[in-house]
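A short worksheet on the structure shown next.
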Ligand code: SAM
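Listed below in structure tokens is the structure:
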């Protein structure tokens, strides 16, 4: 038997061994939907193995080693990590630039169901906080504003929190964390730090900002299983001027979708929404090796500067955010089709009226958009719809052109109303335009 064949047999044997383990009674594949009790094995991405020149592609399930099920049914990370220092027992923290993030071993084993991939690399922590500081002091509408109201989402074991406390103090920082173990640990470490034991998707950000008397500045190494929902919650809050900016980690692919230009395969709902609501920049890529346990994907640090109510209202040119959402989500549901075909079943318009509108030419741009175009506003300059707009694919329309499609289909509420009366509309925008209705207040 030649070496190639031997290697092939070895690989086949190894694969069958894995499949046998996965399908055994103790490690069987469990359903995806059970958040509390599903096996970490079940959420592993299928591993596509390419056998080079032999030209065989097969899909297998990978094994996640290290996850064990605790007595409460939760899957926790069991393996010892030699890079972690022992538990913190005093309130003193190491403020040197190379301080290793602390994971109180035994006290806070990472839970997969909460997306707990803790930062373990001090340099990455320092880079994230530096980018956050730049976002919060130098960009968007932030220059000149005091850094008085910082909110960390999901502080976990406190890798970022330690650095934030060192830099800004506990007075201006508050955290939102759903894991009671983390709330307890941070409470012991920083008795004067406000740590809300809450779900980030349930928080009323406008009320929080009102209490603070200023917009919030957000930072977080987000739990990836709810990244989009968190971002949508912040977009909703930006209607109320509740959030100025957010510097957050996310899966690299999600970041790529947020910054994708038109006609790119990554361009979709996230691109249209966040390029309309905010100025988005991808700061840098983060490898899996800086986390514990290591995720299977690359991550990115993204900075978002939300437009704020007045600029956002101007950008939306009078269309209702609900209608905008309706158009984008319907259009991208069938992204291979033309806009005309994908919007054929959009809810909220009678069939005859819809057909006529889908066959019609664009409506003239409102004066506010023409004015913005005259000042060189890049977003407004990309707002003009081509005559054959309905024969294009969704990914060919810019975010601004989606606003025009929405205006054409659903009309504009505010073209003939002044700024003051538009402000009165804010409450009826609702707090849950973008985030799922089942989440949040
Ligand atoms: N900030 C820590 C770090 O960088 O090491 C932890 C980041 S870890 C990726 C995500 C954190 O978000 C975890 O501490 C997890 O418990 C918390 N979390 C998960 N879901 C949450 C939710 N719905 N509301 C609040 N916190 C949540």
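In mature numbering (1 follows the signal peptide of the UniProt record, and there is no 0), the protein residues as written are -28 to -1, 1 to 413. Cβ atoms here follow ideal geometry from the backbone N, Cα and C, with glycine treated the same way.
Where the alpha helix (DSSP H) through residue 376 begins and ends: Taking the chain shown and counting its residues from 1, the one referred to as residue 376 is at position 404. The continuous alpha helix (DSSP H) containing residue 376 extends over residues 371 to 382.
Span of the beta strand (DSSP E), counted from its first residue to its last, around residue 188: Reading the chain shown from its first residue, position 216 is the one you call residue 188. 188 to 193 is the span of the beta strand (DSSP E), which, as asked, contains residue 188.
Environment of residue 261 [buried if 16+ CB atoms lie within 10 Å]: Working through the chain shown from its first residue, we reach residue 261 at position 289. Note on residue 261: under 16 other CB atoms within 10 angstroms of its CB, so exposed under the neighbour-count rule.
DSSP three-state assignment for residue 161, whether helix, strand or coil: Taking the first residue of the chain shown as position 1, residue 161 is located at position 189. Residue state, collapsed to three classes: helix.
Reduced DSSP category for residue 133 - H, G, I as helix; E, B as strand; rest coil: Translated into the one-based positions of the chain shown, residue 133 becomes position 161. In the three-state reduction of the DSSP assignment, residue 133 falls in the helix class.
Opposing strand residues paired with residue 257 [DSSP bridges]: Translated into the one-based positions of the chain shown, residue 257 becomes position 285. The partner list for residue 257 (beta bridge, DSSP) reads 272.
Nonlocal neighbours in the same chain, by C-beta distance under 6 Å from residue 357, ignoring five residues either side: Position 385 of the chain shown, counting from 1, holds the residue named residue 357. By the criterion of a C-beta distance shorter than 6 Å, residue 357 is surrounded in its chain by 334, 373 and 376, once the five residues flanking it on both sides are discounted.
Beta carbon of residue 223 nearer than 7 Å to that of residue 155: The residue labelled residue 223 in the question sits at position 251 within the chain shown. The residue labelled residue 155 in the question sits at position 183 within the chain shown. No, these two residues do not count as a Cβ contact at 7 Å.
Residue burial classification, residue 295 (beta-carbon count within 10 angstroms, cutoff 16): One-based indexing of the chain shown puts residue 295 at position 323. By the 10 Å Cβ count, residue 295 comes out buried.
Beta-carbon proximity check, residue 414 vs residue 145, cutoff 7 Å: Because the chain in this structure spans residues -28 to 413, residue 414 falls outside the shown range and cannot be described.
Residue 212 in three-state terms, based on DSSP: For this step, residue 212 is matched to residue 240 along the chain shown. Coil.
Cβ-Cβ separation, residue 265 to residue 113 (assumed contact under 8 Å), whole Å: Within the chain shown, numbered from 1, the residue matching residue 113 stands at position 141. Within the chain shown, numbered from 1, the residue matching residue 265 stands at position 293. In fact, because the Cβ distance is near 38 Å, the residues do not count as touching under 8 Å.
Bounding residues of the beta strand (DSSP E) (the contiguous stretch that carries residue 145): Reading the chain shown from its first residue, position 173 is the one you call residue 145. Residue 145 -> beta strand (DSSP E) spans 145 to 149.
At least 3 beta-carbon pairs within less than 8 Å: the region 127 to 136 vs the region 285 to 304: No, the region 127 to 136 does not touch the region 285 to 304.
Residue 264 in three-state terms, based on DSSP: Here residue 264 refers to the residue found at position 292 of the chain shown. In this structure, residue 264 counts as strand in the three-state DSSP scheme.
Residue 343 versus 307, 367 and 289, residue with shortest Cα-Cα distance: Here residue 343 refers to the residue found at position 371 when the chain shown is read from its first residue. Among 307, 367 and 289, the Cα nearest to that of residue 343 is on 289.
Residue of 166, 228, 93 and 191 minimising C-alpha distance to residue 108: The sequence position of residue 108 within the chain shown is 136, counting from 1. Cα-wise, what sits closest to residue 108 is 191.
Residue 348 beta carbon near the ligand SAM (any heavy atom closer than 6 Å): Mapped onto the chain shown, residue 348 falls at position 376. Because no heavy atom of the ligand SAM lies under 6 Å away, the Cβ of residue 348 does not count as near it: no.
Same chain, Cβ closer than 6 Å to residue 253, five either side skipped, listed in chain order: Numbered from 1 along the chain shown, position 281 holds the residue referred to as residue 253. So the list reads 275, once near-sequence residues are dropped.
For residue 193 and residue 24, the rounded distance between their alpha carbons: Within the chain shown, residue 24 is the residue found at index 52, counting from 1. Within the chain shown, residue 193 is the residue found at index 221, counting from 1. Caution applies to residue 24, whose pLDDT of 27 falls short of 50 and renders its modelled position unreliable; the value that the coordinates give is listed next. Those two C-alpha atoms are separated by around 37 Å.
Beta-carbon contacts of residue 210 that lie in its chain and below 8 Å, excluding the five residues immediately before and after: The residue labelled residue 210 in the question sits at position 238 within the chain shown. Answer for residue 210: 249, 250, 278, 279, 280, 281 and 284, listed in chain order.
Residue 93 beta carbon near the ligand SAM (any heavy atom closer than 6 Å): One-based indexing of the chain shown puts residue 93 at position 121. Short note on residue 93: C-beta not closer than 6 Å to any heavy atom of the ligand SAM.
Closer than 7 Å to chain B by CB, residue 357: Going by chain labels, chain B is absent from the structure shown, which holds only one protein chain.
Own chain, CB closer than 6 Å to residue 244, minus 5 neighbours either side, in chain order: Against the chain shown, residue 244 aligns to sequence position 272. Cβ neighbours of residue 244 within its own chain (closer than 6 Å, five residues either side excluded): 300, 371 and 374.
Sufficient close CB pairs (3 or more, under 8 Å) joining the region 93 to 112 to the region 214 to 230: Verdict: yes, contact present.
Any non-hydrogen atom of the ligand SAM closer than 6 Å to residue 127 Cβ: By 1-based counting over the chain shown, the position of residue 127 is 155. The answer is yes for residue 127.
In DSSP terms, what residue 124 is bridged to: Counting from one through the chain shown, the residue named residue 124 turns up at place 152. Partner(s): 147 and 191.
Nonlocal neighbours in the same chain, by C-beta distance under 8 Å from residue 286, ignoring five residues either side: Position 314 of the chain shown holds residue 286. Taken in chain order, the residues that qualify are 340 and 344.
One or two residues paired with residue 277 in a DSSP bridge: Here residue 277 refers to the residue found at position 305 of the chain shown. Its beta-bridge partners are 217 and 251.
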